[in-house]
Amino acid sequence: MKVLVAVKRVIDYNVKVRVKPDNSDVDLTNVKMAMNPFCEIAIEEAVRLKEKGVASEIVVVSIGPKTAQEQIRTALALGADRGILIETEEKLESLTVAKLLKAVVEKEQPQLVILGKQSIDNDNNQTGQMLGALTGMAQGTFASEVAIDGDKVNVTREIDGGLRTVALKLPAIVTTDLRLNEPRYASLPNIMKAKRKPLDTVTPAELSVEVKQTQTLVKVTPPAARSAGIKVASVQELVEKLKNEAKVL
Ligand code: AMP
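Numbering-wise (my numbering), the sequence shown opens with residue 1 and increments by one.
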C-alpha cells in the first residue's frame, strides 16, 4: 500500500511569534522554521504502518519555497522513502494546496493520504477536507486512531464525551489529531541516509495548477499584553476583590 503524506514548513512551535511593525503579517526574518507538528504525527503514523508491513512505500510532499526541502529531508530521516517538493514562492491558500495535492494523488495513486488536521501558522484546518471534496475520496478527520482493515480504514475521532469510529473505503484521506501517536526523533544515521533518498522538484505550472490569491490578509495583531497581577495580604482581601472588583463571586 502506498501512503502519501503532506508536510508543511511552518514557524517552529517553540518560537514566540513576532508581528511586523505595520501589522501586515507575521515577521519571518531569522525565525526558526520546522515541520508542522500535526504533519510529524502524520509521518509517524505512516512509518508505523510500514513497520507493521501494511504500507509498502511512503511518499512525502511539501508545497512551498526551496527551503521546504529541509522538512522533506526530516520526513525522509523519520522513515519516508521519497519526497516531492512543489516549489513556489507565492502565498498559498488551502484550496491551491488541495488542488496541488490532488494533482499528486492522481499521479501517485496512493491508497492512503495522511495530512495534519491543521497548520499551526494559519490554523486553517481545511486542506484535508478540501482534498476530500476535490478527489471524491472518503475522509476521516481528527484521527486519534487509524486501523487498516482489508480494503477499509477505520478512523477514530475523539468527540464530546466519547469516541466515534468511521470506516472508510480505500483510497482515503486521514487527518491527524494530537493524540494519534508520539512522533519519534530522527537518529543521526537516518539523517545521513535521508540525504541519499530521492527528492523530486516540480512547479505548480507543471501540475497545471494556477496559484491564485482569492483572499487578502487585512491585518495581523499580536495578543493583547496581560496586565500585571497583584498580591493580596489576606483571604478576606481576596474575597473582597473577587466580589467587588472582578465581580466573579
Ligand atoms: P491547514 O488546512 O492549512 O490547517 O493544513 C492542514 C494540513 O494540510 C497540514 O497539516 C498539511 O498536512 C497539509 N498542508 C497544508 N499546507 C501545506 C503545504 N504548503 N505543503 C504541504 N502540506 C500542506
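All residues carry an ideal CB built from backbone N, CA and C; glycine is no exception. Everything numeric in this text was worked out from a predicted model, so none of it was measured.
With H, G and I counted as helix, E and B as strand and the rest as coil, what does DSSP make of N244?
helix
Using the three-state DSSP reduction, which class does T221 fall into: helix, strand or coil?
coil
Report the partner residues of K2 according to the DSSP bridge assignment.
E57
Does at least one heavy atom of the ligand AMP sit under 8 Å from the Cβ of K117?
yes
In terms of residues, what are the limits of the beta strand (DSSP E) holding N154?
K152 to I159
Is I114 buried or exposed, if buried means 16 or more other CB atoms sit within 10 Å of its CB?
buried
Using the rule of at least 16 other Cβ atoms within 10 Å of the residue's Cβ for burial, across every protein chain shown, is R9 buried or exposed?
buried
At 3 residues or longer, what runs of the beta strand (DSSP E) sit wholly inside the region 13 to 91?
33 to 35, 57 to 64 and 82 to 87
Residues bridged to D200 [DSSP beta-bridge criterion]:
I84
What residue from T221, K243 and P65 has the CA that sits closest to R18's CA?
T221
Sequence-distant residues of its chain with Cβ nearer than 7 Å to E193 (five each side left out):
With the sequence shown as reference, residue 193 is identified as Lys, and Glu is not the correct amino acid for it. For K193, where only same-chain residues beyond five positions count, there are no Cβ hits under 7 Å.
Given a cut-off of 9 Å on the beta-carbon distance, is the pair T214 and T88 in contact?
no
In whole angstroms, what is the alpha-carbon distance linking G150 and Q111?
12 Å
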